[in-house]
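Chains as they are written, first to last, in this note's numbering: chain A, 1 to 186; chain B, 1001 to 1186; chain C, 2001 to 2186; chain D, 3001 to 3186; chain E, 4001 to 4186; chain F, 5001 to 5186; chain G, 6001 to 6186; chain H, 7001 to 7186. Accompanying notes for the structure given below.
There are 8 protein chains.
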Amino acid sequence: MKKTSVRTRMLTGTAAVTALAAAGVGAVSASAETTDTPAAPAAVKVDTQNKNLAQSTGLNIDAATRAAQAALDAANKAGQHVSVAVVDRDGVTRVLLKGDGAGPQATESAERKAFTAVSWNAPTSELAKRLAQAPNLKDIPGTLFLAGGAPVQSKGAPVAGIGVAGAPSGDLDEQFAQAGVAALGK
Amino acid sequence: MKKTSVRTRMLTGTAAVTALAAAGVGAVSASAETTDTPAAPAAVKVDTQNKNLAQSTGLNIDAATRAAQAALDAANKAGQHVSVAVVDRDGVTRVLLKGDGAGPQATESAERKAFTAVSWNAPTSELAKRLAQAPNLKDIPGTLFLAGGAPVQSKGAPVAGIGVAGAPSGDLDEQFAQAGVAALGK
Amino acid sequence: MKKTSVRTRMLTGTAAVTALAAAGVGAVSASAETTDTPAAPAAVKVDTQNKNLAQSTGLNIDAATRAAQAALDAANKAGQHVSVAVVDRDGVTRVLLKGDGAGPQATESAERKAFTAVSWNAPTSELAKRLAQAPNLKDIPGTLFLAGGAPVQSKGAPVAGIGVAGAPSGDLDEQFAQAGVAALGK
Amino acid sequence: MKKTSVRTRMLTGTAAVTALAAAGVGAVSASAETTDTPAAPAAVKVDTQNKNLAQSTGLNIDAATRAAQAALDAANKAGQHVSVAVVDRDGVTRVLLKGDGAGPQATESAERKAFTAVSWNAPTSELAKRLAQAPNLKDIPGTLFLAGGAPVQSKGAPVAGIGVAGAPSGDLDEQFAQAGVAALGK
Amino acid sequence: MKKTSVRTRMLTGTAAVTALAAAGVGAVSASAETTDTPAAPAAVKVDTQNKNLAQSTGLNIDAATRAAQAALDAANKAGQHVSVAVVDRDGVTRVLLKGDGAGPQATESAERKAFTAVSWNAPTSELAKRLAQAPNLKDIPGTLFLAGGAPVQSKGAPVAGIGVAGAPSGDLDEQFAQAGVAALGK
Amino acid sequence: MKKTSVRTRMLTGTAAVTALAAAGVGAVSASAETTDTPAAPAAVKVDTQNKNLAQSTGLNIDAATRAAQAALDAANKAGQHVSVAVVDRDGVTRVLLKGDGAGPQATESAERKAFTAVSWNAPTSELAKRLAQAPNLKDIPGTLFLAGGAPVQSKGAPVAGIGVAGAPSGDLDEQFAQAGVAALGK
Amino acid sequence: MKKTSVRTRMLTGTAAVTALAAAGVGAVSASAETTDTPAAPAAVKVDTQNKNLAQSTGLNIDAATRAAQAALDAANKAGQHVSVAVVDRDGVTRVLLKGDGAGPQATESAERKAFTAVSWNAPTSELAKRLAQAPNLKDIPGTLFLAGGAPVQSKGAPVAGIGVAGAPSGDLDEQFAQAGVAALGK
Amino acid sequence: MKKTSVRTRMLTGTAAVTALAAAGVGAVSASAETTDTPAAPAAVKVDTQNKNLAQSTGLNIDAATRAAQAALDAANKAGQHVSVAVVDRDGVTRVLLKGDGAGPQATESAERKAFTAVSWNAPTSELAKRLAQAPNLKDIPGTLFLAGGAPVQSKGAPVAGIGVAGAPSGDLDEQFAQAGVAALGK
């Protein structure tokens, strides 16, 4: 590689960055996208001052950890051995806790329940019922339509998903996931 | 599943959401994390009004598409057949364009260059040089240490990565990627 | 490796190329394969002048991008957050747009719907109905039998597939996909 | 799903198809893209009469099978046990022959050599030498920089790749691959 | 599926086996393992002279190629665009032919049908019926319970599987697969 | 890297190890978690003397091999060709035996049955019945809800799973798996 | 399936369980395997009273979470954005924390560093040096030979691994990992 | 690695082959393949009576298990914790034993060493040396060029591979693998 061209590129890159910085990242306008439809409204808000940028909202790691721990604690109190996952709006895992005695199936199950809950912004117990109308929804990669996943919402939009797996029933798993959600409101 | 427990869960969920909403999503404090270290500062800003939330900055789809198109146009002008990828701060693909005549290796190559650039907040031509000190960096899954990837920055932090592959040299690929970055500053 | 043998190989290779070139790539004979069967006729046309070659038809990147953008615009107008994929006749992704606010499940869902539509040359809403007769069709790797995919045809044969995912119903997704197809006719 | 909307979609789809068909698929203009650069020129030719379409050239299955068989025959004559793969311009396998006595490593090795040869339009023995300048090229997914792959060209552009693996040296593998290429010129 | 064609296929299969027997392999003792059980008897024979070794029977590459070509020819005669796979007793692909115009879903579909047929030593049209009793059989990795796969038997034991995919119905696919089996008896 | 910091780290590491060692690994308190619920109690016992550690119980390799061999012997006596897997409490394979003549589908099938049995601490024949209530359980990655898997228990908690596959029915497979379990009691 | 055979199986299973239970799980004999060799001694201790069982030692989830949090806190104090993983002796993830602002490459990088450290019972900074003698060690699946991983030991044997990734250097990452280890000794 | 131990291993390997010859399989010509050719002769024999069939030779499960157990016993005697894999000529795992205390990296490492040894019909310690001439050999999927793999031969052709992993050095691993080979000659 010629050194000259590398320098040129870097200057170009700097110029672009400057332009973005000049545009600023100011006040976040209120999003109008939070309807009560069962669809997947999102936590992305259009930035009114820089035509290139969008802000998205998520849990910080402290909140995500607190929520996961609360879900695990709820399971422990109930004498259940579970794993807990918290994923962000993009389905990426932020926190994973494989509880003592949780089976090997619980980890990916928890992650998929969390992924499913945040994807459709609804508890997976509700989503499982939708399969009666659209049975092939469950063929979408990454999903799991079993009770145990709950969305975390901000202004109605999903910002995270909590998934729990390992208890004898999905109902129990989802109670623990909701305990995780509830911990964020304290 | 008993309907009662489902209703209970939903109320719990609603309570949590209300709590988050009450906390609000206000003014975004300026992040102090944009040092000039070669490390990976990030576009996450702590929300000062809700202890649970963090805002992150990314390109909107219009900007991402415009950047990808600009990179492809630059390649076309130079008579090169390439593919272009734009990924967000989490490495997730936002835009992918497999150009006419681009080889089959170009798609994943472009995505990995973009992933690598946004992960370390530097052009991949620069990152490839770091292998002299830390040769095993290139064993990190998802990465590709070949010129052709460029970060998009906002206030010094990476908010996206643009990757180009398919030209006869990485130098050319990276010129096209930088043309994509530059298009965001116009 | 001996240099001599490399040279020999190259000469051999050149000879082969010459032979192909001599055979030419002339007028494309009309294909007779476009029946109205629900099967998968293809866009491959036998080259009458070179016994080795076949021509296949696809969208160029400008058309594919225009179609994807039109599908995304249609979704935006309807207030929906979706991802859009355009794949070629071989199921390879040409364009991918992850729209603002589209959930994490939408990307692969869109790609699979497009893949499915081009594989059977029919909208996925139609294909989903065929599962009543052949339920295991949906076990074929890479497919997704959910409304939202539409084929792009040239002379009745599939040359591309457009897939949309993220709206509250597959019906909506498919409307947007069809808007993408329609944009190619303008 | 409402039947009405399905019918609407189908009509929309038909309209689009008609538009494409009206545009026609006429004479294929000669491509000007065949330079002698070592880059990756491609076999895609812009269709001058329909702004949406592009034609691409590949081997038909008879030619691909004949080439693969010729490569295998050459290996057999030399007393070697190999596997042979023929991939198209997009790296998709058209023919695979796992020869008698070929080791288990040979199949994917042959496919990757063919993929690599068609991606860069050069024999893999040549491409392996380029690693001296760009060692990380070999980290691109799907590639293998070992002698034994040869491109099939039409008018200088790659239309297929042939890969052979299993002989005691890559030199031998590549001789057999070139025998496959040569069979297309007979 | 029409019952008639299924019966035809089964007769064809039987004919093929007889043909193999007629072709040689010494005196074909009616193997005691060819009961009508749906189990998976195997082609492994204990070597009486070395306590460590077992012999297994498979198709040689010439036979496998001939069978695959015959299946493809049968499809072509019927005006169908398919892909064909021949796998050995261990499910490993020996021959793969992606026919002109075959859709992208056909390759892996053909391989899985062949895998399924050789695993249970029965045509996949028959195996698909067993799902009525054991619906979760189809969750076994690598399988596909769609008509189109046929076992190749020697002395009643499976020595290979032929899979065809891409025709408008599995019935047609399986006719072509059986044509491939029959070609081994000629 | 600076040598100084490496030395510092090592000392830190040593300190941590010492602390753990000082805490000791004493008498294992009896676990109270063995209820008769169909859930997934686990073989982890809290260590009362070191707040950091937990003990888990598994089969040693001699026992696991003996169990696998007993399962295979039982199949051989019944004239069946099967594969056998023994996994530990975490679903990790300890022993795998691909029996003579076992089909290619049997290996992963056996592993998944063993995984499923140890995950829910019940024979897979029982677990398959639960799908009537919770059909989507079978979508959890790694599982297979076919008879043929049996848990190995210690004090009621699962410590291993044995899976068998390849016989004409899951009932037979599970008899062989149970023969493997029984061999541990001799 | 016949109910009778199921009952029989269950009785057999119960018998086996009883046998195991009768054998008991008594005092854990001191392991003699803790040499100072750089090899991979393990935390498995032979159970002297039940010939089938072995005990293995791991961190409980409270300890694993505390260690992960300590590592993340150390990074935060240093102004670094990292991800942290804690894996058990079998390389299975127990805790994963994707810190605020950590790049997308950090998650799997952290898990692999932890996996590598527990596999060889040494910090990855030390292990990276071994590549001078055995460069292909780094080709073992699941590993990453970059500083940032540290083993947790009990009586000299590895019981867990902590991996950190995301800081500008592996040295920093490993300081944070060691802070996690040290937290277990408090 | 010490050259002396390599020589020892090779002698051991030769001894094993002789032992196999002594065991029968007709007149076992002392194999000439321990020449220095790196090729991969194979155990497939053309069936002279049926033009379609070929016979291949492998270990039966009893022999494979005996060999694996012998390798594990040798490791145990040396106080090492390892995993052992035996694969057939097609690289398919026949036996897997994850020894007590073997690290999580050992399983796939053992399988890949066995795969590599049977693919090239040579101990992996020898194969690792070939990388000096052909460094990219190690990029072939499924392989691992670390000492610890040994081929099992019949009449000079590879019929199986034994891989061992987990000891502090590959030299030790390969001694144990060779002990497994030697056990077949007893």
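Quick reminder that beta carbons are idealized off the backbone N, C-alpha and C, glycines included.
Tell me, which residues are paired with residue i by DSSP?
i, result
"residue 3162 (chain D)", "D:3086 and D:3150"
"residue 7057 (chain H)", "E:4055"
"residue 1124 (chain B)", "According to DSSP, which records beta bridges pairwise, residue 1124 (chain B) is partnered with nothing at all."
"residue 4107 (chain E)", "In DSSP, residue 4107 (chain E) forms no bridge with anything."
"residue 98 (chain A)", "A:83"
"residue 7093 (chain H)", "H:7087"
"residue 157 (chain A)", "A:154"
For a cutoff of 8 Å on Cβ pairs, would you count residue i as touching chain H?
i, result
"residue 4059 (chain E)", "yes"
With a Cβ-Cβ cutoff of 8 Å, do residue i and residue j count as a contact?
i, j, result
"residue 7116 (chain H)", "residue 7144 (chain H)", "yes"
"residue 6098 (chain G)", "residue 93 (chain A)", "yes"
"residue 6111 (chain G)", "residue 6163 (chain G)", "yes"
"residue 5086 (chain F)", "residue 5160 (chain F)", "yes"
"residue 6183 (chain G)", "residue 6067 (chain G)", "yes"
"residue 77 (chain A)", "residue 5136 (chain F)", "no"
"residue 2140 (chain C)", "residue 4080 (chain E)", "no"
"residue 1179 (chain B)", "residue 1071 (chain B)", "yes"
"residue 7109 (chain H)", "residue 3103 (chain D)", "no"
"residue 1146 (chain B)", "residue 1170 (chain B)", "yes"
Counting only Cβ pairs nearer than 8 Å, list the residues of chain G close to residue i.
i, result
"residue 1136 (chain B)", "6128, 6131, 6138, 6144, 6145 and 6146"
Check the Cβ-Cβ distances between residue i and every residue of chain A, and say whether any is below 8 Å.
i, result
"residue 2103 (chain C)", "yes"
Check the Cβ of residue i against every Cβ in chain A and list those closer than 8 Å, keeping chain order.
i, result
"residue 1063 (chain B)", "51, 52 and 53"
Using beta carbons (cut-off 8 Å, strictly below), is residue i in contact with chain G?
i, result
"residue 1168 (chain B)", "no"
"residue 5039 (chain F)", "Residue placement at residue 5039 (chain F) is poorly supported in this model, since its pLDDT is 34, which falls under 50; the coordinates still yield a value, given next. It does not; no Cβ of chain G falls within 8 Å."
Check whether the Cβ of residue i lies closer than 8 Å to any Cβ atom in chain F.
i, result
"residue 7176 (chain H)", "no"
Can you pull the chain B residues whose beta carbon is under 9 Å from the beta carbon of residue i, in chain order?
i, result
"residue 3141 (chain D)", "1105, 1108, 1109, 1112 and 1144"
Quick check: is the beta carbon of residue i nearer than 8 Å to any beta carbon in chain E?
i, result
"residue 7125 (chain H)", "no"
Should residue i be flagged as near chain I, meaning a C-beta pair shorter than 8 Å?
i, result
"residue 4183 (chain E)", "The structure shown contains no chain I; the protein chains it does contain are A, B, C, D, E, F, G and H."
Residues of the stretch 108-121 of chain A in Cβ contact with chain C at a cutoff of 9 Å, in chain order, please. Taking 9 Å as the upper bound on Cβ-Cβ separation, chain C lies near residues 115, 116, 118, 119, 120 and 121 of the stretch 108-121 of chain A.
Which residues, taken in chain order from the stretch 79-100 of chain A, show a beta carbon closer than 9 Å to some beta carbon of chain G? 85, 88, 92, 93, 94, 95, 96, 97, 98, 99 and 100
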